[in-house]
Amino acid sequence: MTRSTVSSPLRGLALNELLYFRVISPEDIGYVFSAAPAKDFGGAFVSIYTSSYNEILLVPADPIDGCEPLANTELIQGQVILLERGGCSFVHKAQQVEEAGGKAVLIADNVVENDSLYLDMVADGSTAMPSIPALFLLGRDGLMIRRSLQRHALPWAVISIPVNVSSLGSFPLNQPPWTLW
């Protein structure tokens, strides 16, 4: 699977573009991360200037693969949910999050060594068409976020998504040290 450069009518942006989000807390992972939008399903962050979530929670799902109904629905309501790739389709994962009340889903690669390859998340041929934004996150980034939450015994991170990286005058572009940009 590779990144496409074709424009998508669902997104309002070219598929080779990445969206960025900033972790506000915990501070030890206070970086700007990149994520790739799903290719042909899910909702969109219509514009990085008009549809953003400032200081929204990033909640790891239970179960982490999101292939079964989510157990931590009380934390998921209205938040961005972190899942891990594998076990079922990307569409199924996004559908589970949407049904649990999540606003968006970040699906981290289950290959934790992956720090550079964005995969195309494509529809699975089912009739399910989740309407929430779905983004692919590098495996190393997902691992580091989950590790930080475990280390601090936190049930979520606080993030802002999306972030316009061309106008980061109010805070430094603090990139994860393990990722090449």
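If you read the sequence shown in the working numbering, its first letter stands for residue 49, the second for the next number, and so on. In this text, a Cβ means the ideal position worked out from N, Cα and C, and glycines have one as well.
Simplified DSSP state of residue i, which is helix, strand or coil
i: residue 149; result: coil
i: residue 184; result: strand
i: residue 95; result: The predicted model places residue 95 with a pLDDT of 48, which falls under 50 and marks its position as unreliable; any figure quoted below should be read in that light. Here residue 95 sits in coil by DSSP.
i: residue 28; result: Outside the shown range of the chain, which is 49 to 229, sits residue 28, and nothing can be said about it.
i: residue 89; result: coil
i: residue 207; result: strand
i: residue 196; result: helix
i: residue 77; result: helix
i: residue 156; result: strand
i: residue 118; result: coil
i: residue 213; result: helix
i: residue 189; result: helix
Straight-line Cα distance separating residue j from residue i
i: residue 203; j: residue 165; result: 28 Å
i: residue 90; j: residue 185; result: 15 Å
i: residue 182; j: residue 119; result: 20 Å
i: residue 92; j: residue 222; result: 25 Å
i: residue 172; j: residue 88; result: 10 Å
i: residue 110; j: residue 213; result: 31 Å
i: residue 75; j: residue 169; result: 30 Å
i: residue 189; j: residue 144; result: 22 Å
i: residue 85; j: residue 131; result: 14 Å
i: residue 197; j: residue 191; result: 10 Å
i: residue 153; j: residue 108; result: 10 Å
i: residue 69; j: residue 146; result: 20 Å
Bounding residues of the beta strand (DSSP E) (the contiguous stretch that carries residue i)
i: residue 131; result: 128-132
i: residue 106; result: 101-108
Start-to-end residues for the alpha helix (DSSP H) that takes in residue i
i: residue 124; result: 121-124
For residue i: DSSP bridge partner residues
i: residue 71; result: 207
i: residue 84; result: 184
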